[in-house]
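Below is one structure, written out as structure tokens; the observations come after it.
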Ligand code: UD1
Ligand code: MG
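Residue numbers (the UniProt record's numbering): 1 to 511.
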């Protein structure tokens, strides 16, 4: 359908936000996946504006930098001195050459605004062919906000700032949300007539309404159904309130699409996250950035996922992941740390106190406990024993380790990169492997064991250990007198398993 009106969106983002007490410009403070400014721009996106102008001032370079990331089509316009919201819009329109159409102005600090609401405001404005329409809301506490002053017939008379209001006006609970639609031609004309005759000595955009009304132009009020959408952010206490409100809104929406949130109050999901049906999110869980959780996956409790993709039916428990991928049916944690480019294939396992960085864990491969995997490729169904360290860094460069399909790495092993353990090879527990192990071979670097009989009795007499040893030796002598044959056969079995210096499966790795 052709666009009936040329539309221009102007976002006001030049203010400092003094009460935030921050070096970061107010509009760049984050709120569940977007900055305050990012939320406003995304609420305005469905208007399909022909152009978007963002008025920048305080922290202009930072705000401009952010815009190139999130809204490269928006035009930043500098308001070097913040002389008021009217002045800001005047400067914005100077950057927009042609005159006609609708100008939508949005304060940069109203992040809970819904696209539907700003859409309804603009539609109502255009259908009524009004000169100006303001979004208003009835709020429990109007402190600090501009009041909507209506005449005896209920029509908008003017908008009065609290500091310029009289007692009767202050009692009004219908407020200006800081979101407006204007007819461009009449807006430009009114802006040229703004005075600074007010308590702050600023050009108030809100005065446009009184001016237009006096000139007999039609001005209108569009009332927001949900007043929380109009809440501004002036300090960090308000920011926390907005965050809670947005959390509840996001969580409710996910539950309605078929995701279980076991404790919505402690579940924080960025607006940019995607969740599939029957995912179950347990308490104290944060899902951030571009995180995607597949159908039936179980996340939490106590999990943070940042820009992480989790496949269907995977499970992640008490873990932290950044820019990682977890395949379908894979299992992570408790207490795992997945760092960027950790890629866990389907049905693989990364268990307790395991850190993985820039590595592929093959399908069905297991890294169950106490291991660092850095810059490695681990083949399908390989098993990495507890306390294995992938030694990837020589102090200058990082090197890769390859562990082949079906390989079996014993516990407490260092794999010193660059090195390759071939497919189906074994590595004996306690080895430091710096040379490739061919497929099917056993790699072992362990020194042979030496037992010095009676050492404790001689060197640690009188200790708990010496007493225990003495009891054990006495007991063994007694026992061998009765069942000497059985004892011998178990000892034989033990020898058989340690041929070649490596112990058997049961000793080298863990499941
Ligand atoms: C403004 C409205 C008030 C409304 C409230 C809603 C005016 C005069 N008052 O008050 O009626 O109830 O918003 O939140 O408009 N800005 C600039 N340049 C400036 C001044 C402000 O870009 O010179 C930007 C700020 O960065 C902010 C927005 O405009 O994003 C609003 O400014 P702010 O100072 O917060 O206005 P309020 O006093 O809250
Ligand atoms: Mg404000």
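Cβ coordinates follow ideal geometry from the N, Cα and C atoms, glycine included.
Distance CB(residue i)-CB(residue j) smaller than 8 angstroms
{"i": "residue 363", "j": "residue 349", "result": "no"}
{"i": "residue 53", "j": "residue 25", "result": "no"}
{"i": "residue 368", "j": "residue 399", "result": "no"}
{"i": "residue 122", "j": "residue 175", "result": "no"}
{"i": "residue 310", "j": "residue 294", "result": "yes"}
{"i": "residue 288", "j": "residue 305", "result": "yes"}
{"i": "residue 259", "j": "residue 279", "result": "yes"}
{"i": "residue 10", "j": "residue 55", "result": "yes"}
{"i": "residue 104", "j": "residue 67", "result": "no"}
{"i": "residue 270", "j": "residue 32", "result": "yes"}
{"i": "residue 437", "j": "residue 456", "result": "no"}
{"i": "residue 570", "j": "residue 405", "result": "Because the chain is modelled from 1 through 511, residue 570 falls outside the range shown and cannot be assessed."}
{"i": "residue 45", "j": "residue 142", "result": "no"}
{"i": "residue 314", "j": "residue 330", "result": "yes"}
{"i": "residue 257", "j": "residue 283", "result": "no"}
{"i": "residue 111", "j": "residue 36", "result": "yes"}
{"i": "residue 58", "j": "residue 14", "result": "yes"}
{"i": "residue 338", "j": "residue 353", "result": "no"}
{"i": "residue 430", "j": "residue 412", "result": "yes"}
{"i": "residue 79", "j": "residue 71", "result": "no"}
{"i": "residue 382", "j": "residue 407", "result": "yes"}
{"i": "residue 95", "j": "residue 75", "result": "yes"}
{"i": "residue 186", "j": "residue 145", "result": "no"}
{"i": "residue 333", "j": "residue 318", "result": "yes"}
{"i": "residue 134", "j": "residue 221", "result": "yes"}
{"i": "residue 344", "j": "residue 326", "result": "yes"}
{"i": "residue 191", "j": "residue 90", "result": "yes"}
{"i": "residue 215", "j": "residue 118", "result": "no"}
{"i": "residue 203", "j": "residue 84", "result": "yes"}
{"i": "residue 179", "j": "residue 275", "result": "no"}
{"i": "residue 233", "j": "residue 109", "result": "yes"}
DSSP beta-bridge partners of residue i
{"i": "residue 285", "result": "267, 303"}
{"i": "residue 298", "result": "280, 315"}
{"i": "residue 443", "result": "427"}
{"i": "residue 383", "result": "366, 408"}
{"i": "residue 545", "result": "Residue 545 lies beyond the stretch modelled for the chain, which goes from 1 to 511, so this question has no answer here."}
{"i": "residue 103", "result": "8, 182"}
{"i": "residue 421", "result": "403, 437"}
{"i": "residue 451", "result": "Answer by DSSP bridge pairing: none, since residue 451 is not bridged."}
{"i": "residue 343", "result": "325, 360"}
{"i": "residue 465", "result": "The partner list for residue 465 (beta bridge, DSSP) is empty, contrary to what the question assumes."}
{"i": "residue 335", "result": "Beta-bridge pairing links residue 335 to no other residue."}
{"i": "residue 177", "result": "DSSP, once it has assigned bridges, lists no residue as partnering residue 177."}
{"i": "residue 172", "result": "Looking at the DSSP assignment, residue 172 forms no beta bridge with any residue, so it has no partner."}
{"i": "residue 432", "result": "414"}
{"i": "residue 391", "result": "416"}
{"i": "residue 261", "result": "281"}
{"i": "residue 292", "result": "274, 309"}
Residue i CB to nearest heavy atom of ligand 4 below 7 angstroms
{"i": "residue 180", "result": "The model on display carries ligand 1 and ligand 2 but not ligand 4."}
Assumed close pair residue i, residue j - CB separation to whole angstroms, cut-off 8 angstroms
{"i": "residue 342", "j": "residue 359", "result": "6 angstroms"}
{"i": "residue 462", "j": "residue 440", "result": "That pair is no contact at about 51 angstroms."}
{"i": "residue 303", "j": "residue 316", "result": "5 angstroms"}
{"i": "residue 181", "j": "residue 224", "result": "That belief does not hold up - the Cβ atoms of residue 181 and residue 224 are roughly 13 angstroms apart, past 8 angstroms."}
{"i": "residue 246", "j": "residue 255", "result": "Not quite, the Cβ-Cβ distance comes to about 15 angstroms (not below 8 angstroms), so this is no contact."}
{"i": "residue 376", "j": "residue 403", "result": "7 angstroms"}
{"i": "residue 218", "j": "residue 131", "result": "6 angstroms"}
{"i": "residue 340", "j": "residue 322", "result": "6 angstroms"}
{"i": "residue 312", "j": "residue 328", "result": "5 angstroms"}
Beta carbon proximity, residue i to chain D, threshold 8 angstroms
{"i": "residue 198", "result": "Among the chains in the structure shown there is no chain D, since it carries only a single protein chain."}
Segments of 3+ residues assigned as beta strand (DSSP E) that fall wholly inside the segment 349 to 380 = Listed in chain order, the complete beta strand (DSSP E) runs (minimum 3 residues) inside the segment 349 to 380 are 349 to 357, 359 to 361, 366 to 374, 376 to 378.
Taking one C-beta from the segment 204 to 212 and one from the segment 155 to 171 each time, how about it: are there three or more such pairs within less than 8 angstroms?
-> yes
Between the segment 236 to 245 and the segment 136 to 150, do three or more beta carbon pairs fall short of 8 angstroms?
-> no
Any alpha helix (DSSP H) of 4 or more consecutive residues that is wholly inside the segment 186 to 250 | 207 to 214
Report yes or no: do the segment 428 to 443 and the segment 451 to 462 share at least 3 C-beta pairs separated by less than 8 angstroms?
-> no
At which residue ranges does the UniProt domain "MobA-like NTP transferase" (9 to 162) contain complete alpha helix (DSSP H) runs of 4 or more residues, listed in the order of the chain?
-> 36 to 44, 60 to 70, 85 to 94, 115 to 128
Touch test, the segment 87 to 100 against the segment 164 to 179, Cβ-Cβ under 8 angstroms, three pairs minimum | no
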